[in-house]
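*Asks:* Below you will find the structure I want to go over with you.
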Amino acid sequence: MCCFMFIRNEKIESLNLFIRPVISTDIYDLKVLFSDCNLFQRATIDFSMYYFAFRPKHSYIITSKHGLLAHASIKQWNLSKNSPAIVLVLGLVYVRSDYRKFGIGELLTNYVLKLKSDDPVCIHANILTQHLPFYIRYGFQASFSLVGLVGKLNEFYNLTNVIEEEILIQQYELSDILDVAAYDSRIYPTYRIHYFEQLREHIYSIAGYVARSIKTNAILGYVILNFSQEFIKCGPLYAENINIALLLLRQCATDYDGMMLLALPEDNRIALKMFESKHYKQTHILHRVHTGNEILFQDKVFERIWAITDDWLSLI
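At the far end of the sequence shown sits residue 611, using this note's numbering, and the numbering has no gaps.
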């Protein structure tokens, strides 16, 4: 589908903008488009891991004779059978820096949202603080906030206040991913076995550890690390309590070293205090907004979320 879109700004009207679906040959141009984005520059989101893991249902760009100007996408979450609601996640909305303030982002966002199913849906997105008024104007409700942090992984190397008895730390590649996916689904709102299968296929570029009870063999938490040239991206890190989280992070620090990036729900105050005590600094805040009444994350779940995956950061 390719169509000409009318823009309210006279300067933009002269550009003859087109909205069309993303095709495989656009991937390089998209990476160039995102190259000046702070979140990508800090490796808060790794483009390749994000784009192929997010797998948007609809991914569209705006182009003109001046090249690729903007991108937006949307995907459908497959919730449990107990939840009949259709949930769409708005993802990766970004406009080239020299074409902002003309309504291009609003145009593309509206276009993508109109592609949704005719059935009643809930739409979720994570947005920067300055974009809140736009989404509130369109009927979105603010839900929770995500805090980005950066610090040294080796801050967790010498830990003396952890309890190791009865806890076994396994490498992710040696663990049963069915068990990991089952544990993950108690926290994350979808059963994402395909995500864990993909991680297993890319084990050369990630690392992970799983904490189990020696008595019951039950999973008590797990962590995944992604590596870029400059940073280690931590997430997900799910753990039953601070002791499990510290044991997993200590194992990460034993095997790897470098600057680590992560993001976690602001509601997990214990986690925030833990990272701040290790001299981690805040990088950004994103806000989850949604339409409809479908609540994907209950407050108690946040107590077990110590770092999130990139698909939470679905809007830039």
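Ideal Cβ placement from N, Cα and C applies to all residues, glycine included.
A quick note: this is a predicted structure, and the numbers were derived from the prediction, not measured.
How should N563 be labelled, buried or exposed, when 16 other C-beta atoms within 10 angstroms of its C-beta is the threshold for buried?
*Replies:* buried
*Asks:* Spell out a yes or no on whether the segment 504-514 and the segment 555-575 are touching, meaning 3 or more CB-CB pairs, one atom from each, closer than 8 Å.
*Replies:* no
*Asks:* Taking the alpha carbon of Q466 as the point to measure from, which residue in G443, V457, Y486, A502 has its own alpha carbon closest?
*Replies:* A502
*Asks:* Hey, L454 and R545 are a contact pair by Cβ (cut 8 Å); roughly how many whole angstroms apart?
*Replies:* 5 Å
*Asks:* If you scan the segment 415-478 from start to end, which runs of the beta strand (DSSP E) of 3 or more residues do you find wholly inside it?
*Replies:* 416-423, 436-447, 462-466
*Asks:* Please report the straight-line C-alpha distance between F522 and H497, rounded to a whole angstrom.
*Replies:* As the crow flies, the alpha-carbon of F522 is around 11 Å from that of H497.
*Asks:* Look up C332 in the DSSP assignment and say whether it is helix, strand or coil.
*Replies:* Here C332 sits in coil by DSSP.
*Asks:* Can you give the Cα-Cα distance for L473 and L312, rounded to whole angstroms?
*Replies:* 46 Å
*Asks:* When DSSP builds the beta bridges, which residues end up paired with M569?
*Replies:* Note: M569 sits in no beta bridge, so no partner.
*Asks:* Taking the CB atoms as reference points, tell me whether V382 and Q371 lie closer together than 8 Å.
*Replies:* yes
*Asks:* Hey, quick one: how far does the beta strand (DSSP E) through Q624 stretch, first residue to last?
*Replies:* The displayed coordinates of the chain run from 296 to 611. Any statement about residue 624 would go beyond what the structure contains.
*Asks:* Within this structure, are the beta carbons of L532 and V518 separated by less than 8 Å?
*Replies:* yes
*Asks:* Using the Cβ count rule (16 or more neighbours within 10 Å means buried), how would you classify S368?
*Replies:* buried
*Asks:* To the nearest angstrom, how far is it from the Cα of H579 to the Cα of I539?
*Replies:* 26 Å
*Asks:* Quick one: grab the DSSP three-state call for L520.
*Replies:* Strand, per DSSP.
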